[in-house]
Amino acid sequence: MTDIEAKRFDYIILGGGSAGCVLANRLTASGRNEVLLVEAGKDYAPGEEPADMLDSYPMGASFNPAYHWRELKVRLSHTPTNSGKRAAPRFMEQARVVGGGSSINAQMANRGSPLDYDEWEDSGARGWNWDAVLPYFRKLESDQDVGTEGIHQEYHGTDGPILIRRVPEAHRTGFTRAVSRVLDESGMKAIADQNGPFEDGWFPSTISNKDETRVSAAMGYLNRDVRARPNLHILAEMTAETLTFDGRKVTGAVANRRGETISLSAGHVIVSAGALHTPALLMRSGIGRSGHLREMGIDVIADRAGVGANLNEHPTIAVSSYLKPAARQSARTGTRRHAQISFRYSSGVEGCGPGDMYVSVTGKSAWHAVGVRLGSFLMWCNKPYSRGRVLLGSAAPQAEPDVDFNLLADWRDYERLAAGVRRMAGYFAHPALAEIARDAFPSAYSERVRRIGAVNTKNRILTGILAGLLDGPGPLRRAAINGLITRGETLAGLLADEKRMEAFIRENVTGCWHPSGTCRMGAADDPMAVTAPDGSVYGVDGLTVCDASLFPCVPRANTNIPTIMCAEKIADGLEAEARA
Numbered sequence: 140m141t142d143i144e145a146k147r148f149d150y151i152i153l154g155g156g157s158a159g160c161v162l163a164n165r166l167t168a169s170g171r172n173e174v175l176l177v178e179a180g181k182d183y184a185p186g187e188e189p190a191d192m193l194d195s196y197p198m199g200a201s202f203n204p205a206y207h208w209r210e211l212k213v214r215l216s217h218t219p220t221n222s223g224k225r226a227a228p229r230f231m232e233q234a235r236v237v238g239g240g241s242s243i244n245a246q247m248a249n250r251g252s253p254l255d256y257d258e259w260e261d262s263g264a265r266g267w268n269w270d271a272v273l274p275y276f277r278k279l280e281s282d283q284d285v286g287t288e289g290i291h292q293e294y295h296g297t298d299g300p301i302l303i304r305r306v307p308e309a310h311r312t313g314f315t316r317a318v319s320r321v322l323d324e325s326g327m328k329a330i331a332d333q334n335g336p337f338e339d340g341w342f343p344s345t346i347s348n349k350d351e352t353r354v355s356a357a358m359g360y361l362n363r364d365v366r367a368r369p370n371l372h373i374l375a376e377m378t379a380e381t382l383t384f385d386g387r388k389v390t391g392a393v394a395n396r397r398g399e400t401i402s403l404s405a406g407h408v409i410v411s412a413g414a415l416h417t418p419a420l421l422m423r424s425g426i427g428r429s430g431h432l433r434e435m436g437i438d439v440i441a442d443r444a445g446v447g448a449n450l451n452e453h454p455t456i457a458v459s460s461y462l463k464p465a466a467r468q469s470a471r472t473g474t475r476r477h478a479q480i481s482f483r484y485s486s487g488v489e490g491c492g493p494g495d496m497y498v499s500v501t502g503k504s505a506w507h508a509v510g511v512r513l514g515s516f517l518m519w520c521n522k523p524y525s526r527g528r529v530l531l532g533s534a535a536p537q538a539e540p541d542v543d544f545n546l547l548a549d550w551r552d553y554e555r556l557a558a559g560v561r562r563m564a565g566y567f568a569h570p571a572l573a574e575i576a577r578d579a580f581p582s583a584y585s586e587r588v589r590r591i592g593a594v595n596t597k598n599r600i601l602t603g604i605l606a607g608l609l610d611g612p613g614p615l616r617r618a619a620i621n622g623l624i625t626r627g628e629t630l631a632g633l634l635a636d637e638k639r640m641e642a643f644i645r646e647n648v649t650g651c652w653h654p655s656g657t658c659r660m661g662a663a664d665d666p667m668a669v670t671a672p673d674g675s676v677y678g679v680d681g682l683t684v685c686d687a688s689l690f691p692c693v694p695r696a697n698t699n700i701p702t703i704m705c706a707e708k709i710a711d712g713l714e715a716e717a718r719a
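Going by this note's numbering, the sequence shown opens with residue 140, and the numbers climb by one from there.
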């Protein structure tokens, strides 16, 4: 028996992503609790983080397979039940590293709309309305721009672990500046503070970044001082396989490192493995829909039909264009940030509410030579209505879950993306953009784009050749775009033919790496709720879930900051319960 196996912890946290880092910090701060943080991926000590992880340009880390679950594949687009086929599975970049998504994401630091959290409350998550969560958004951040014009101080914190700032105007590329002019002339309001009062408009992107360096949850919450606490133990490169029980009381977990199985014991277990792996771990442990568990040969501990249901994601599509050299990102802009401004707008589609669409303006579409030459409007449904699900494909601990996002199953999600493509095409046709951006085309993160986006020498050579073609005469550039990038699909063709538009969007829609909702909070009498508003799992004792799987609906935001907020609030509740 190892020393870890011989020890009984007050808390074991299974998953060292954004939520896990917060919990590890807050639950050890008093010195009362012995806490073990278990993470399947690597742990990089402060000051030893890899260069691509620190980089203000995030895509090197985002697409580095060293930080991913290598075997995870998912289905994205909705397939009609009468089609006789299912969407083909494709690889999905999910973080497997201490810090989770915050260690490899785009560093976007936004919160969503107050309406999102009021909806959480209305759906049964008592105590999660906007007024209740705002103090925790303030608690997590140290906003570097408080005190400057247009920043609403009452919305922001100044002494939290996550340093947050806005991309300054001086860093904008020629493309970004042209887009801001187009938005101004289109009547869109300029907003200084994306995380102030929630309204439509365009704004400098708010990022978790200081001095052109990423600030992840690991960097902010697991700094040297925190790691020096004698009651905090971090076990990296250890994968949780299943929970252990005494009747309905959770007693710990079984984990595996390189084939070695270890039994871990605790008074309380917190699962923070993310919205795809958390429901899978619960189901493998006997918590889930009883019929599915029996099909998998798993004994039922708690029949909770909502485990793995209600999978939320922001459906995404893009419109891109070739940029003239003067409009591209380069060293003269003073930053490696590729996304410098963003905007949100209301579609007007019935039932979708305000601020239901979001666009990130990217002045560089990938790390390679082609990406430098492309500017994009990356657009998503900020308030999606389609729902997917997570099931087990096998009861084997090493097997990845069966994930179907079911994107665009709700007609409103398709309708808004199609209208958004038309809107983005109109922006590219504006004289301010037509001067510096040419040959706009529909684009998406397809499987082919994913393969060429992997950082390696072969792709560096291939994209260098294609970049030369793009810089050639207009006819050659258009032939290269049509033949090698869009495979013959044109923006004009989509705009002229609704069937082609729908076929393109349904085939190419992706998510934003924002899976949420698969162990959602709700009232005790709600049969589809998995967790109580304090994160405790219905039907068992000593088990809490804390990550984006708790969200009743995905906020109108990138999910990292809401996840950190959620962990702050859950940790506060656990500490209050311990003191009572």
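Backbone N, C-alpha and C fix where the C-beta goes; we use that ideal spot for every residue, glycine too.
If only complete runs of 3 or more residues are kept, the stretch 269-339 shows the beta strand (DSSP E) at 280-282 and 301-305, in order along the chain. Beta-bridge pairing by DSSP links A457 to L517 and S582.
DSSP places L175 in the uninterrupted beta strand (DSSP E) bounded by V174 to V177. For the pair F342 and I480, the CB atoms are nearer than the 8 Å cut-off. Annotation: L153 is outside any alpha helix (DSSP H); the continuous beta strand (DSSP E) that includes it extends over R147 to L153. Excluding the 5 residues flanking it on each side, G712 has same chain C-beta neighbours closer than 7 Å at D673, in chain order. Its chain contains D339, C491, G492, P493, G494, D495 and M496 as the residues whose beta carbon lies nearer than 8 Å to that of S485, once the 5 sequence neighbours on both sides are disregarded; these appear in chain order.
Each of R551, D284 and V560 was checked against the Cα of S460, and the nearest Cα belongs to V560. Judged by DSSP in its simplified three-state form, A631 adopts helix.
For L415, there is no enclosing beta strand (DSSP E); the residue is part of the alpha helix (DSSP H) that begins and ends at G413 to R423. The shortest C-alpha to C-alpha distance from I401 to any of T378, R387 and L615 is the one to T378. By the criterion of a C-beta distance shorter than 7 Å, D255 is surrounded in its chain by C692, P694 and R695, once the five residues flanking it on both sides are discounted. Within the stretch 188-269, the complete beta strand (DSSP E) segments at least 3 residues long are 212-216, listed from N- to C-terminus. Scanning its chain for C-beta atoms nearer than 6 Å, with the 5 sequence neighbours on each side dropped, one finds around A158 the residues S411, C685, D686, T702 and A706, in chain order.
Within the DSSP secondary-structure output, A405 pairs in a beta bridge with F148. Of P189, G406, R368 and A619, the smallest CA-CA separation from N203 is found for P189.
Burial state of I301 is buried, judged by a 10 Å Cβ sphere holding 16 or more other Cβ atoms. Between A405 and I591, the gap from beta carbon to beta carbon reaches 8 Å or more. Distances from the alpha-carbon of T625 to those of K522, W519, A635 and E646 put E646 closest. In the three-state DSSP reduction, G427 falls in the strand class (E or B). Counting C-beta pairs with one atom in each stretch, the stretch 382-397 and the stretch 350-357 have fewer than three that are closer than 8 Å, which means they do not touch.
Taking the Cα of H453 as reference, the smallest distance to any Cα among L279, L531, A444 and P523 is reached at P523. The beta carbons of G251 and G156 sit about 19 Å from each other, so the pair does not count as a contact at 8 Å. For the set V500, Y566, L374 and T417, the Cα lying nearest the Cα of E144 is the one of L374.
Here the alpha carbon of R599 sits roughly 24 Å from the alpha carbon of F314. For N348, the secondary structure class from DSSP, reduced to helix, strand or coil, is strand. Within 10 angstroms of the beta-carbon of E260 lie 16 or more other beta-carbons, which makes it buried. DSSP links E399 through a beta bridge to R396. The continuous beta strand (DSSP E) containing A478 extends over residues A478 to Y484. If you check the CB distance, A163 and L371 come in under 8 Å. With respect to the C-alpha of V498, the residue from I456, R471 and T472 having the closest C-alpha is I456. Beta-carbon to beta-carbon, R165 and E716 are separated by about 13 Å, too far to satisfy the 8 Å threshold.
Here the stretch 356-365 lies against the stretch 287-305, with 3 or more beta-carbon pairs under 8 Å apart. The three-state secondary structure of Y183, taken from DSSP, is coil. Rounded to the nearest angstrom, the gap between the Cα atoms of C658 and R718 is 27 Å. Put simply, the stretch 205-220 does not touch the stretch 321-329. Fewer than three CB pairs are less than 8 Å apart.
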